[in-house]
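Student:
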Amino acid sequence: MPSAADLVASLSLLPHPEGGHYRETYRAAGTVAADALPGGFSGPRSISTAILYLLEANDFSAFHRIRSDEVWHFHLGGTLWIHEIDPSGKLTTTCLGHDVANGEQLQHVVPAGHWFAAQPAPSTSYSLVGCTVAPGFAFEDFEMADPAALAAQWPAHGELIARLGRGVSE
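Per my numbering, the sequence shown starts with residue 4, numbered consecutively.
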């Protein structure tokens, strides 16, 4: 299996603001008009986008949310944990990986508006996944969590939020 450094180089991955490395691999040529989208979108969006995304051990995707549904697809490496807080405050953790016989998932959908973070499981050196977003991703639809504010809203999850938060200015 290739190393994380090999994958970053061979796949031309770049640092991502939420942590890890990524590269956009697809952006649909077609768009959806703003008036055909649910509320909150500031303009038209690509029909769909896709990225490759790599997280190494001891790195994480900080708590954030987007305005679109996001489908995570497992590709290589070890187990990735996706921690998700729904609008009612319910926390769920999904294990993304290849060990489907033991409950790992090959795909997981994070619904629009859910706060979520991801991290490689403790014994994992890296996880390479794909993320497909529809309507397509735009950075103006991305909101990095303020860890203190999110923990104040959901104090039962405060330790996890503090551990997987980067703050809005980082």
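In this text, a Cβ means the ideal position worked out from N, Cα and C, and glycines have one as well.
These numbers were taken from a predicted model, which means no experiment stands behind them.
(1) Give a yes or no on whether the C-beta atoms belonging to residue 118 and residue 169 are separated by under 8 Å.
(2) What does the alpha-carbon distance come out to for the pair residue 97 and residue 16?
(3) For a test of the three-state rule: what should DSSP assign to residue 121, helix, strand or coil?
(4) Could you check whether residue 132 and residue 163 sit closer than 8 Å to each other, using their CB atoms as the reference points?
(5) For residue 72 versus residue 112, is the C-beta spacing smaller than 8 Å?
(6) Run the CB neighbour count on residue 103, radius 10 Å, all protein chains shown included, and call it buried at 16 or more, exposed below.
(7) Helix or strand or just coil, what does DSSP make of residue 69?
(8) For residue 154 and residue 66, what's the separation of their Cα atoms in angstroms?
(9) From 101, 8, 90 and 48, pick the residue whose C-alpha is nearest to that of residue 59; which is it?
(10) Tell me whether residue 56 is buried or exposed, calling it buried when 16 or more other Cβ atoms sit within 10 Å of its Cβ.
(11) Note down, in chain order, each residue of its chain lying with its Cβ closer than 7 Å to the Cβ of residue 142, except the 5 sequence neighbours on either side.
(12) When you compare the CB positions of residue 63 and residue 151, do they come within less than 8 Å of one another, or not?
(13) Since residue 75 sits in a beta bridge, which residues does DSSP pair it with?
Tutor: With the structure as the only source:
(1) no
(2) 25 Å
(3) strand
(4) no
(5) Closer than 8 Å, so yes.
(6) Exposed, since its Cβ has fewer than 16 Cβ neighbours within 10 Å.
(7) In the structure shown, residue 69 sits in a strand (DSSP, three-state: E or B).
(8) 11 Å
(9) 8
(10) buried
(11) none
(12) Taking 8 Å as the cut-off, the beta carbon of residue 63 is found no closer than this to the beta carbon of residue 151.
(13) Residue pairing from DSSP places residue 75 in a beta bridge opposite 111 and 134.
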